[in-house]
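K.L.:
Have a look at this one before I ask anything.
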Amino acid sequence: MNKKLILIVSLMTALAISLAVSFTVMGLTKASAEGEEGFSSVNVEEVYEKGELMSVPEATFKKSGRWYQAEPVLHFPDGSAKKVGDNVLLTQFGKYYLEYTATVGGKTYSMKKDFYAYLPKFELSSPDDEVYYETDGVDGSQGEMVTLSSEQTLTINDYFDLSKATLAKPIFECVVIPSSMGTADFNTLQVDFICKSDETKYLRIIANYSAENNCTYTLAGVQNQTPSGYESYWNKLHIGDNWGAPYYGTFAGRTNSGYNQVSSDVKIWLDYSTKKVYANVAKGFVIDLDDSQYFGNLWTGFEDNEVFLRISASRYKGTAPAKFLILRAGSIDLAEQNVFDTAAPEITVDYGGLDKDDLPSGIVGQRYKLFDATADDYLSGKCQVKTRVFARVNTTSEHEVDIENGYFIPNSAGKYAVTYTAEDKSGNAATETVYINVEASHAAPDMTLTGATTTALTGEEVKIADAEPKNCVGNAKIESRVTYGENEVEVKNGKFRPLKAGDYTVYLTVTDYLGRTAEKSYVVSVSANSRAVFIDDIYLPRYLIAGSTYTFDGVYAYDYTAAGNGNKVKATLVTEDKNGTKEHADGKYAPAVNDHLDTAKVYFRATVNGKIATSEKFDIPVCVVGDGKNIDISKYFISNSATIEKTSTGMRVTTLNEKAQVEFANYLLANGASIEFDVDAENNNFGKVNVYLTDVIDESRSIKITYEKSSETKSYFYVNGGTKYEIPASFYGQGQNSFVYKYDNDRLTLNDGSNVTFNVTKNLDGSDFTGFTSGKVRFTLEFEGVRGKSTVIISKLSGQNTTSVKADLIKPRISLDELMAFRYQLNDVVELSTAVAMDVLDPNIENYYTVTGVGGEIVKDVNGIELSHVALNEKHTVKLDKYGTYRVLFTAIDWNGKKEIDFGYIMEVVDLTPPAIALLETPETTARVGDKMKVVRAVAIDELDGELDITVYVLLPNGTFAKYGTVVTEYTMTGKYTFWLYASDTSGNTVTETYEVTVG
Amino acid sequence: MKKSLIKIISLILVLAFVFAVCACEPAAEGNGGGDTATSSTETSVTPSENGSIVITDPPADYNPGEQTQNDDIYAVSVPSYKSKNVVLCDDGRTDYVIVVSKDAPSAVYNAANELNYLFGEATGTMFGIVTDDTVTWSQNAKYISIDATAIADAAGVAKPNVKYRGYAIKTVGKSLFLRGASTSGSTFAVYELLNRILNFECYSNDEYEIAKAKKLDLPDFDITDDPDVEYVATPNGIMETATSSRLRYNSAGFMYPSGGAQWHNSFDYIPISKYDDENKPESYHPKWFADNMENLCLTAHGDKAEYDLLVDTVVEGMKEVIELYPNGNTLTFTHQDVGSWCTCEACAANKNKYGTNAATKIMFMNDVVEKVEAWREENYPERDNICYVFFAYTSTRVAPVKTVNGKIVPIDEKVTPNPKLGVMYAPIESDFIHPKTAPQNSAQYQDMKNWKALVGDHMYYWFYQAYFYDYFIPYNNFDSMQEDHRAMKEQGASWIYYQSKWNSKNATGFEVLKTYLESKLAWNVDSDVTKLTDDFFKYYFRAAAPYMKEYFMSLRLNYLNMSENLGVGGWIGTRINSVDYFKYNTLAEWKNLIDKAYDSIEYLKEKDYGTYKKLYDRIRLESLAVRYLIIYLYGGTVYTSVELYEEKLSFKNDCTELNITMGTEGTLITSLWAQWNV
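Sequence lines, in order, name chains A and B. In terms of numbering that gives the first Met the number 0, the first sequence has 326 at position 327, counting the first letter as 1, and numbering is strictly consecutive. In terms of numbering that gives the first Met the number 0, the second sequence has 88 at position 89, counting the first letter as 1, and numbering is strictly consecutive.
See below:
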């Protein structure tokens, strides 16, 4: 922001502000001047203070010798207005005007009086408290003297930039002045540094005085942190209590402290660069706001670091208010007492990417779209912007042009000015002017086409011609459409797919800034195809595991031959490997190669009318890893630029190459994807380890997790190049933990005991991250900043030890696409969730789910299909038509027979209807002490459980409950007895009926 | 603080208050009138052409008639009381001054300041404070004497013969005398006076009621009030000091080793580090410690020489403690917080003979106290009120008694306690949901009688009323507390501590009501709990009272159902955090009542935001138990994962704002946040 708040030194100076005191009488011509008619004079001060109760003077209007009462309306700085009475509270700062109106003979007359309400820089919540500038305070110091009652606040209405805080100067300093030297009047001082642009964000400092220890304990935290302070002597972290980090500083007066002035003050320091808070003369460490040792939510600073202060006190010891002298509050000038805003708002015009000095010209008679603008003011915030357009500026024929729906239409050639004006609450106005050159005429827009295809086959994509605009004003926009007869054909990414033979017309339209258009077209003649066409994307694994039998999803081609009508044609899987070329009608394929990472060719064939169409052919490397009982895990790690060595502690990945990558051959289940690794301290000649998780279907869904080398005991952790967080793991072999994280439900959790969690909100390409939709991710590890031999040791991947183990001992995992375990009502119809099941090593596990009903029977879906051993990706809908618990059980079995069978959820159908109690007779209402209690006969019925037991509790006159029949059976005291008949059904629905008996 | 300084501060405070009252009055009228006039004449204005004028009319569907509540019903009036035809105050003026002794301790000035503060709030009148060496009493003198003063002596108002917290309020001539058995008693006399002439009643830290009055006559009182229990300690960490005083809580003057603990402090007298270090043979006494090192061995494993040395060492420790606390009256020597006891031959023999480890404890204490008292009589003869307290807790709960001719007596002379001995009876294993007179607690009730037979009125009762493994689950002892107080009184209660969530700054589960009711019952065990409860709900929850009361009653019924129909015991360690005991539909109904409670105070948001916020927070505090149970028991089945996270986050924020600091007795609330990952 290049605009500065101008603080006027004194009230006298303030009065010199240009506050126009206008006196406007509308509807009067000569009358007022001649004294025949007009408003009586009113006395309004020119300057008030915000929060002041203004006395509204009465006014009368004289016409034709008679006086009429004028009604006052107060117009507030924010534009609101209301009729007012004798007094009005000035709740806003800024420029007001008081308008008096009188209506005589159907004609309205008005008069306006302007005045200004300034903002007190030091604003108290209670008028009973006091604040003033002290030029000769404690030991001659100067600052703001404050008295503050319990539950009241002081707000300093000025701002400073918290991000500039260093240890050179404290961000807050005060000296507490007790009413009686030696005894504190209060024990806690709270100082909030509140973000100007969002008051829900703040840094809170709490100073807790302890008379017993004659020192001040300090806590600090931001809005989502409990204020905390570290007491090093006891190695104790105080969280939200009345203690904290203890340092000299007294609330009882300096002479009691035994220390000099400096050590007696309350001082707070912030080192913004490290986010650490320090206190008092010792600059003693209080807390680190971005250290996971202390907080679960780490502070990375505010988006806008301009802050103001709000101060309060608590734990008062008597009736005396808290009194203290503020010596420093950031860089705020304490000597100034009032805030007068004389600076105008700042206007920002959105040119939509155009150069302000080279804006598109206008053309006479052609409407011109105006640029949007916004205005911000230092004190008033957002301000309304008014836009006006003037033709033939700086000439004698300058005149204003109408604006309609954000456009104006120039009526003559020449220079036009667009003015944007904004006024803040204090009446300060700013203007931004934009000049537009208007031409009398301009050549019509046109374009040149290149690369047009004029013949094509049905089913195959046709690229639309490129268009080069000509004679356009400003940026031109090209649009295309295709028609087939009277029908529109879909155009996607500059292409269209003709599905029928015949002529297709391609239209291209160019539109310039002024909205002028030109259109061109050409014809594509499409003939019937003789073969089927592969249209859908084919998803295949990047690597195959030899020996494992894959079942690929069905692939279809489309028949657009003359008689085909686009019918789907099931394609046949074809593979070429060491067993030769083979077709697989059942879609199952077990890769076989001679050597590890030899490729197998995979593609599909579809036959129509005896002619074969072949899809794209994929060469897929095949990993020869063994099987579930005898496996070589190192073979899953694929790299061209790093060596892989299996050891008992993990898979050693070593490289000398910058950006060397290693990829895990099998896909991982996205939810729960995790890694544990260490850096070999002897081979740590690199700066970063990047881990990429990429969705296996939609590769734009990808995140990058980085571990960056720092000190011998610390490293940094961050996601997608974002904010860095310090972690205790080290590249030097001296850290507390291995490098560990876990991805789960769109959150990354540092699984190192810190419980620090990162919400992933963006993909690596900057687009919004909404999860890995396929449920499966590809794992890639990358070295960065390599300067020599570099080694990491991966010890675990998604729970699977990646050491020299020789069998797959870890069972598969299952992830639900949607959480279904809720409570339902009878007859709810529920679409069951699909799921994904994965094993780290076995790419083709067996998996299914089964649904059982309340009695354990297999449930049928709404179409009568029994839901037993259903594929995880099959969606089914069921009707929950019985009370009780439905269970959905998932099973996944890997190649080593390891089963995940306990995974599932329940859907509980609950009874929400309470039972009812019916009294079978009229209860007694009076009794005498010594009488036996006669409990009314009653019955409790629940529509599900039938008749229920009724328990009778008696609320005795002494306020205690007792159970009838066991504890009480007769009246033993006078007073009111209340009988509570209580019944509860098995679902917890309860019913009570009560009646009273008065015992005399 | 020096007394002279206290006097000066008090006088300054009086002057300041008088000035404030005088200064505020016209301003208040001016502000109030101005605001009213302004709002009453404000009307809406048709939007101007730029459309920026705010419409100040309420929405069309707003019906103030439905929402406006009659808040006048919460104003208390001046009660009728017997008075003299003498004006105590009139329109801010008074002829009366408060008189305190020239040697008055700060507590007496606190009492005077409380009188001035509360009386001033009610009447706009404050009294000057003078010391008794500056005044002379006569029948026409207009004084309010607090605690012991020369004019009280002159007027014949003696120290009342009542328990420590008790007092007398007497009118003699035109003067009023507030004299307690202690300075605390004198302070409580102030509250009693205010109650009788201005209906003063304190409910919580931020809620007390007192009538407004311009003119009051001098009451004509002759009251002596003796509480049923001498001392009562605050049960939790919620009440501020001033509130505890206004609720008349006052614990005993406990004494314990410097730097040590008030309870479980036997190792503070005999530190393991000092006496079990074999590298320091001069102080190496392994026989002083139990076999498992969890406690002392009070027989020194039967080694007479070691036993004598142990007694002497404890005696020396107690001497230091007595000198450390010149005003203390209760010395604690209490075993460690474990259930075990030494199993050496000597201890086992005692247990076999007397049936309880308490026998060993009594014999040891008798030997110690005899020596300490001999020293005390020689050096501090005036301090003859010291009681030496040990625990009847876990391994020492049972008293060594027998019944002879229907009378409970010690088994033999060895276990007959020294008259200076007191017992702190803490039956932690019992059921506090049912009273001690109920069948569930018959053994403990018999213990109370047995110990009473041994130590008379030197009974210190430590009861419990919380699930210490989870502070968010309410503990329902509302149906036992009055009966228990009656039982404790009958069985010689000198001191009561009803331990609750003692180390949390705030707590849910109607803790504030418990604290209020217990303060009343510890004063008068026959208090009208029904009326007290009704009054509490009326003034503490105001418009929300019907819904909060309904929730309160339903909560108690649920616990009764657990106890009577589901067989759930009332031990404080019983795990009731189960779906079997808190059905979701029940919790949902409670949540619904709480929502209605919020709705009922909504009208205050605009009208009186301060009161609204206060009531909102009180409802919010009680909502925590319900929300916690829903999250804990049903979070995974009634919420989506996102909703559950939001619920947890909202719960955490509310706990933070309401100053809930502990989740269980032993864990900070932050442990729960870590567990919940919020």
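Even for Gly, the Cβ is constructed at its ideal location relative to N, Cα and C.
So which residues of chain B does R822/A contact, with C-beta pairs closer than 9 Å?
P.N.:
Start at 1 with the first residue of the first sequence, and residue 822/A comes out as number 823. Residues of chain B passing the Cβ test: Y583, Y633, T636, V637.
K.L.:
Rounded to whole angstroms, what is the Cα-Cα separation between E200/B and A391/B?
P.N.:
Taking the first residue of the second sequence as position 1, residue 200/B is located at position 201. Taking the first residue of the second sequence as position 1, residue 391/B is located at position 392. Approximately 36 Å between the Cα atoms of the pair.
K.L.:
Evaluate the contact criterion for the region 223 to 237 of chain A versus the region 282 to 292 of chain A: three or more CB pairs, one atom per stretch, below 8 Å.
P.N.:
Touching, yes.
K.L.:
Rounding to the nearest angstrom, what Cα-Cα distance links T985/A and V791/A in this structure?
P.N.:
As a first step, residue 985/A must be located in the first sequence, where it is residue number 986. As a first step, residue 791/A must be located in the first sequence, where it is residue number 792. Cα-Cα distance, rounded: 58 Å.
K.L.:
Using 8 Å as the threshold, is the region 413 to 433 of chain A in touch with the region 78 to 96 of chain A, meaning 3 or more CB pairs across them?
P.N.:
Yes, the region 413 to 433 of chain A is in contact with the region 78 to 96 of chain A.
K.L.:
Which term fits A659/A, buried or exposed, when burial requires 16 or more other beta carbons within 10 angstroms of its beta carbon?
P.N.:
For the purposes of this step, residue 659/A is identified with residue 660 of the first sequence, where counting begins at 1. Buried.
K.L.:
My understanding is that V348/A touches P409/A, with C-beta atoms under 8 Å, so please give their C-beta distance in whole angstroms.
P.N.:
Within the first sequence, numbered from 1, the residue matching residue 348/A stands at position 349. Within the first sequence, numbered from 1, the residue matching residue 409/A stands at position 410. About 19 Å separates the two Cβ atoms, so there is no contact after all.
K.L.:
My assumption, with CB atoms under 8 Å, is that R195/B sits in contact with A188/B. Please give the rounded CB distance.
P.N.:
Here residue 195/B refers to the residue found at position 196 of the second sequence. Here residue 188/B refers to the residue found at position 189 of the second sequence. Not confirmed; about 10 Å, so no contact.
K.L.:
Under 9 Å, do K266/A and P169/A count as touching if we go by C-beta distance?
P.N.:
Against the first sequence, residue 266/A aligns to sequence position 267. Against the first sequence, residue 169/A aligns to sequence position 170. Taking 9 Å as the Cβ cut-off, K266/A and P169/A qualify as a contacting pair.
K.L.:
For D697/A, which option in I632/A, G671/A, I630/A, G774/A has the closest C-alpha, if you only look at C-alpha atoms?
P.N.:
Translated into positions along the first sequence, residue 697/A becomes position 698. For the residues I632/A, G671/A, I630/A, G774/A, the minimum Cα distance to D697/A belongs to G774/A.
K.L.:
Leaving aside the five residues before and after A106/B along the sequence, list all residues of the same chain whose C-beta is less than 6 Å from its C-beta, in chain order.
P.N.:
Here residue 106/B refers to the residue found at position 107 of the second sequence. Excluding residues within five positions, the ones whose Cβ falls inside 6 Å are T182.
K.L.:
May I ask you to report which of helix, strand or coil DSSP gives V528/B?
P.N.:
In the second sequence, the residue the question calls residue 528/B occupies position 529. Helix at V528/B.
K.L.:
Closest by CA to F250/A, which one among L218/A, A278/A, S209/A, Y47/A?
P.N.:
The residue given as residue 250/A occupies position 251 in the first sequence. It is S209/A whose Cα lies nearest to the Cα of F250/A.
K.L.:
From Q799/A to G896/A, what does the alpha carbon distance come to, in whole angstroms?
P.N.:
Sequence index remark: in the first sequence, residue 799/A carries index 800 (1-based). Sequence index remark: in the first sequence, residue 896/A carries index 897 (1-based). For Q799/A and G896/A, the distance between alpha carbons rounds to 16 Å.
K.L.:
Can you look up T660/B in the DSSP assignment and give me helix, strand or coil?
P.N.:
As a first step, residue 660/B is located in the second sequence; it is residue number 661 there, counting from the start. The answer is coil: DSSP assigns T660/B none of H, G, I, E or B.
K.L.:
Run through the DSSP bridge pairs and tell me what I176/A is partnered with.
P.N.:
Within the first sequence, residue 176/A is the residue found at index 177, counting from 1. The partner list for I176/A (beta bridge, DSSP) is empty, contrary to what the question assumes.
K.L.:
Check for me: the alpha helix (DSSP H) holding G184/B runs from which residue to which?
P.N.:
Here residue 184/B corresponds to residue number 185 of the second sequence, with the count starting at 1. Here the alpha helix (DSSP H) through G184/B covers 182 to 197.
K.L.:
Report yes or no: is there a C-beta of chain A within less than 9 Å of the C-beta of Q481/B?
P.N.:
For the purposes of this step, residue 481/B is taken as residue 482 along the second sequence, with counting starting at 1. Answer yes: the Cβ-Cβ gap between Q481/B and chain A drops below 9 Å somewhere.
K.L.:
Using a Cβ-Cβ distance cut-off of 9 Å, determine whether K962/A contacts chain B.
P.N.:
Along the first sequence, one-based indexing puts residue 962/A at 963. Output row for K962/A: interface = yes.
K.L.:
Going by DSSP, what residue range makes up the alpha helix (DSSP H) through T242/B?
P.N.:
Within the second sequence, numbered from 1, the residue matching residue 242/B stands at position 243. T242/B -> alpha helix (DSSP H) spans 240 to 245.
K.L.:
Within 10 angstroms of the Cβ of A244/A, are there 16 or more other Cβ atoms? Answer buried if so, exposed if not.
P.N.:
Position 245 of the first sequence, counting from 1, holds the residue named residue 244/A. It counts as buried.
K.L.:
Just by C-beta distance, which residues in the region 553 to 564 of chain B are closer than 7 Å to chain A?
P.N.:
Listed by position, the residues of the region 553 to 564 of chain B near chain A (Cβ gap below 7 Å) are R555, L556, L559, N560, E563, N564.
K.L.:
Which residue spans inside the region 88 to 171 of chain A form an unbroken beta strand (DSSP E) run of at least 3?
P.N.:
Entirely contained in the region 88 to 171 of chain A, the beta strand (DSSP E) runs reaching 3 residues are, in chain order, 93 to 103, 106 to 119, 121 to 123, 129 to 133, 142 to 147, 152 to 160.
K.L.:
Alpha carbon to alpha carbon, what distance is there between A669/A and D816/A?
P.N.:
Position 817 of the first sequence holds residue 816/A. Position 670 of the first sequence holds residue 669/A. Taking the straight line joining both Cα atoms gives about 11 Å.
K.L.:
Beta-carbon separation of K874/A and L866/A under 9 Å?
P.N.:
Start at 1 with the first residue of the first sequence, and residue 874/A comes out as number 875. Start at 1 with the first residue of the first sequence, and residue 866/A comes out as number 867. Going by C-beta atoms, K874/A is not nearer than 9 Å to L866/A.
K.L.:
Hey, how far is the Cα of T122/B from the Cα of I97/B?
P.N.:
As a first step, residue 122/B must be located in the second sequence, where it is residue number 123. As a first step, residue 97/B must be located in the second sequence, where it is residue number 98. Each residue's Cα considered, the two are about 16 Å apart.
K.L.:
If you follow the beta strand (DSSP E) that E478/A is part of, which residue opens it and which one closes it?
P.N.:
Taking the first sequence and counting its residues from 1, the one referred to as residue 478/A is at position 479. Its beta strand (DSSP E) spans residues 476 to 483.
K.L.:
Pick helix, strand or coil for K933/A, following the three-state DSSP scheme.
P.N.:
One-based indexing of the first sequence puts residue 933/A at position 934. Residue state, collapsed to three classes: coil.
K.L.:
When you compare only the Cα positions, how much space is there between R396/B and K352/B?
P.N.:
Here residue 396/B corresponds to residue number 397 of the second sequence, with the count starting at 1. Here residue 352/B corresponds to residue number 353 of the second sequence, with the count starting at 1. Roughly 16 Å separates the two Cα atoms.
K.L.:
With respect to the alpha helix (DSSP H) encompassing E113/B, which residues constitute its N-terminal and C-terminal limits?
P.N.:
Position 114 of the second sequence, counted from the start, is the residue given in the question as residue 113/B. Unbroken alpha helix (DSSP H) run through E113/B: 105 to 122.
K.L.:
Under a CB-based cut-off of 9 Å, is I726/A close to chain B?
P.N.:
By 1-based counting over the first sequence, the position of residue 726/A is 727. It does not; no Cβ of chain B falls within 9 Å.
K.L.:
Among the candidates R247/B, V388/B, Y474/B, whose CA atom is the shortest distance from the CA of W461/B?
P.N.:
As a first step, residue 461/B must be located in the second sequence, where it is residue number 462. Taking only the C-alpha atoms, the option nearest W461/B is V388/B.
K.L.:
Interface residues of chain B around S986/A at Cβ under 9 Å?
P.N.:
On the first sequence, position 987 is the one that residue 986/A refers to. Per Cβ cutoff of 9 Å: K582, Y583, N584.
K.L.:
How far does the alpha helix (DSSP H) with H484/B in it reach, from first residue to last?
P.N.:
Within the second sequence, residue 484/B is the residue found at index 485, counting from 1. Here the alpha helix (DSSP H) through H484/B covers 480 to 489.
K.L.:
Using 10 angstroms around the beta-carbon of I143/B, count the other beta-carbons present and answer buried if the total reaches 16, otherwise exposed.
P.N.:
By 1-based counting over the second sequence, the position of residue 143/B is 144. Buried, since its Cβ has 16 or more Cβ neighbours within 10 Å.
K.L.:
Can you tell me where the alpha helix (DSSP H) with V523/A in it begins and where it stops?
P.N.:
The residue given as residue 523/A occupies position 524 in the first sequence. Per DSSP, V523/A belongs to no alpha helix (DSSP H); it is in the beta strand (DSSP E), 516 to 526.
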